[in-house]
Amino acid sequence: MPIVTSINTLELDIQKLSDEEIKAKTTLFKEELKKGKTLDDILPEVFALVREAARRTLRQRHFDVQLMGGIVLHRGGVAEMITGEGKTLAATSPVYLNALLERGAHVVTVNEYLAKRDTVLMGQIYYALGMKIACLVHEGALMYDPTHTRTNAEKNGQRESVSSPQESALLDKERDITGTFIVQEEYLRPISRREAYLADITYGTNHEFGFDYLRDNLAYALETQVQRGHYFAIVDEADSILIDEARTPLIIAAPDQQSSEFYKVFAGVSARLEKDTDYIVDEKMKTVSITDEGINKVEKLLHIKNIYSPENFRLVHYLEESLKAKALYLKDRDYVVKEGEVIIVDQFTGRLMLGRRYSGGLHQAIEAKERVLIKEESQTYARISIQNYFRLYEKLAGMTGTAQTSAEEFHKVYNLNVVSIPPNKPLIRKDKPDVIYRTLEEKYDAVVLEVKAKYEAGQPVLLGTPSIEKNEIISQLLTSVGVPHEVLNAKNNEREGAIIAQAGKPKAVMVATNVAGRGVDIILGGNPQDSEAARKVIESGGLHVIGTERHEARRIDNQLRGRSGRQGDPGSSQFFLSLEDDLLRIFGGERIQNLMSALKMPKGTPIESGFVSKSVSQAQAKVEGLNFDSRKHLLEYDDVLNKQREIIYGRRRQALDRNRPPIFPTS
């Protein structure tokens with residue numbers, strides 16, 4: 171708070187500066203740093219300057235709590251700020267401050283949509299301060315440039331600039347109104363990837379940054395390398411990127427051998443094997459093992475005597491992957507089939523992971539199961555874990571609405587301390603106790619009745635579902651009772667920002683995968699300028715969030731709840747569960763099942779008590795423990811590889827650098 175007070179005392183003086191004087195401050199700050207001042211020395215004035223630039227460009231003035239969050243980020247910590255507190259804006263101050271060292275400041279987002287959106291939206295602030303801002307996109311890069319506006323004709327391949335001031339003013343107005351949830355492509359100019367890294371500030375996903383690092387270390391010439399080091403990074407949705415995605419390493423591979431026919435054969439063999447007789451599934455550990463009876467059946471089907479003999483050992487690999495594909499990986503939960511291609515679905519965000527493939531032959535086994543084109547198996551050329559990539563940064567920071575439940579892992583793995591920032595306005599959302607039913611059918615019936623009642627009362631409802639399959643089941647049930655609604659899942663996530671932004675309208679009903687739309691505010695009334703609609707929604711109780719299943723990570727449930735009650739808004743939330751839900755069935759349903767039997771609960775009657783919530787939390791804690799162990803083992807394995815990687819990559823750089831001029835300017 172003393173630092174925030176110092177920033178506030180400078181506000182009136184900063185407001186007197188002209189736009190040109192504000193831009194000139196960037197050069198002055200850089201000179202002061204070169205003369206020996208530290209970033210901490212200039213922090214109060216820098217933060218006051220960024221706040222004024224935001225006020226002039228976005229008409230948004232940083233709250234004091236956003237300045238506090240920015241200070242935590244600058245110091246290299248994880249700022250926990252609840253949904254709706256404006257983390258995106260809070261990050262602008264530390265990003266600009268650290269970019270003044272001219273070593274590059276990276277902002278890491280969960281998807282390309284948010285990277286592009288924030289480049290345009292926050293780019294206005296940085297541009298007013300004289301900074302260059304770029305973003306990485308799949309196989310390319312874009313620069314924020316308000317002088318580069320494009321019409322539809324140019325988008326279709328015919329270049330035609332906007333020349334009229336009136337047309338340009340209309341584009342600016344559209345950006346200001348819709349920029350929080352629609353990417354205004356007109357302000358993004360294509361550039362090379364190296365130019366993007368040479369910009370003062372670079373936005374992109376963790377995959378783009380990580381794969382560029384690996385590609386640079388496979389390069390045959392300095393001219394084809396793009397990154398210029400790893401100084402400072404802020405990871406948006408830090409729990410999602412640094413923890414949830416950290417179970418899967420980043421891998422660059424190339425085609426190795428043709429094996430599609432084997433996968434087709436074993437997909438057919440696996441289809442004829444029966445669960446519990448021919449193979450055993452351990453859903454807790456996510457493993458599948460074949461029984462002696464299953465082995466005999468496979469050997470008969472393949473007409474071989476011993477599948478484990480040396481000459482047949484390769485076949486064991488195909489069998490194991492095909493069994494995993496059949497028993498552990500489900501369509502519309504773990505992956506979707508789109509235009510003849512198997513695309514992985516991110517289990518934590520519900521988004522499609524384009525370009526990503528399961529390794530070790532699993533992806534080919536799924537392709538065979540789904541009878542689509544089987545692509546070649548691959549040979550790994552380079553790999554790095556998410557943990558070891560982000561450990562490359564001299565200073566790492568993160569921000570999220572849900573970090574405390576993972577504070578220990580942030581500290582142990584990344585040496586990051588979690589700091590909870592208080593909300594700008596008190597949270598008044600009502601979080602109701604969980605209700606639990608015996609069966610899925612009873613639960614769905616109750617959910618539909620609840621939604622219909624809220625819809626008829628004019629209250630907006632956001633339903634969170636754990637998978638695309640269940641998302642579509644609930645959609646069909648709502649349609650059958652005449653409740654109009656929007657559906658948002660990985661199959662239409664291109665429109666997620668525009669869809670989720672309207673979820674606060676009166677009578678709006680949104681059925682979404684659990685955390686779809688993260689990074690987009692749900693404004694009561696749907697439009698900040700429609701006070702009448704906002705009033706109606708407030709009178710009805712605000713946004714009501716319904717969770718249709720508990721996620722294996724408590725943070726994901728908290729993120730769903732957090733969509734309601736932003737900035738002191740009214741709202742409510744409740745989870746509807748059943749004993750047939752995966753989490754309870756596998757990890758914690760027995761005690762509750764015994765209680766329901768003892769109480770002789772009639773069909774359709776739920777239990778609603780603190781005991782249920784406690785049992786669910788215990789089940790979630792078990793899964794979180796297993797997932798933490800999984801990430802820990804991956805990291806231990808990758809730490810060994812990391813020592814080898816550092817030595818080999820270091821020698822490669824020496825070979826490339828020998829007798830060659832530097833590609834990048836040194837700061």
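Numbering follows my numbering, with no gaps: position 652 of the sequence shown is 822.
Backbone N, C-alpha and C fix where the C-beta goes; we use that ideal spot for every residue, glycine too.
What you are looking at is a predicted structure, and each value in this text was computed from that prediction instead of being measured.
Beta-bridge annotation (DSSP): residue 360 is paired with 312. If you draw a straight line from the Cα of residue 231 to the Cα of residue 218, it comes to about 10 Å.
Counted as a single uninterrupted DSSP element, the stretch harbouring residue 744 is not any alpha helix (DSSP H) but the beta strand (DSSP E) occupying residues 741 to 748. The distance from the Cβ of residue 248 to that of residue 586 is about 5 Å, consistent with a contact at the 8 Å cut-off. In the DSSP annotation of this structure, the continuous segment of the alpha helix (DSSP H) that includes residue 470 starts and ends at 462 to 472. Of all alpha-carbon atoms in 571, 299, 789, 485, the one lying nearest the alpha-carbon of residue 725 is that of 571. In this chain, the beta strand (DSSP E) harbouring residue 714 covers 713 to 717. Fewer than three Cβ pairs drawn from the segment 472 to 484 and the segment 574 to 584 lie within less than 8 Å of each other, which leaves the two stretches out of contact.
Looking only at 588, 400, 504, the smallest Cα-Cα distance to residue 528 is reached by 504. Collapsing the DSSP output to three states places residue 369 in coil. Listed in chain order, the non-local C-beta contacts of residue 376 below 6 Å within the same chain comprise 278, 411, local neighbours out to five positions each way being set aside. Annotation for residue 179: the continuous alpha helix (DSSP H) segment containing it runs 172 to 179. Boundaries of the beta strand (DSSP E) harbouring residue 508: 505 to 508, taken from the DSSP string. DSSP places residue 673 in no alpha helix (DSSP H); its state is neither H nor E. Cβ-Cβ distances below 6 Å link residue 233 to 594 in the same chain, with the five nearest sequence neighbours on each side left out; the list follows chain order.
Pairing residue 390 with residue 715, the inter-Cα distance amounts to about 53 Å. In the DSSP assignment, residue 402 falls within the beta strand (DSSP E) that extends over 402 to 406. Taking C-beta atoms as the reference points, residue 440 and residue 450 fail to come closer than 7 Å. For residue 402 against residue 537, the beta-carbon gap comes to about 41 Å, at or over 8 Å, which does not count as contact. One thing to note: residue 417 has its Cβ within 7 Å of the Cβ of residue 801. Following the DSSP letters along the chain, one finds residue 590 inside the beta strand (DSSP E) bounded by residues 588 to 590. The closest CA to that of residue 238, considering only 222, 259, 734, 197, is found on 259. For residue 189, the uninterrupted alpha helix (DSSP H) segment begins and ends at 189 to 204.
Here residue 421 is bridged, per DSSP, to 553. DSSP places residue 276 within a strand segment (E or B) once states are collapsed to three. One thing to note: residue 645 has its Cβ no nearer than 7 Å to the Cβ of residue 631. Residue 253 and residue 718 have their C-alpha atoms some 20 Å from each other.
In the pairwise beta carbon analysis, the segment 609 to 617 is classified as not touching the segment 483 to 498: fewer than three pairs are separated by under 8 Å. DSSP, read as helix, strand or coil, puts residue 391 in coil. Counting along the chain, the unbroken beta strand (DSSP E) around residue 634 starts and ends at 631 to 635.
Across the set 419, 774, 796, the C-alpha of 774 shows the shortest separation from the C-alpha of residue 610.
For residue 680, DSSP records a beta bridge to 632, 656. Put simply, the segment 350 to 369 touches the segment 306 to 313. At least three CB pairs are less than 8 Å apart. A direct Cα-to-Cα measurement between residue 479 and residue 541 gives close to 29 Å. Taking the CA atoms as reference points, residue 804 sits about 51 Å from residue 705.
DSSP places residue 569 in the strand class (E or B) of the three-state scheme.
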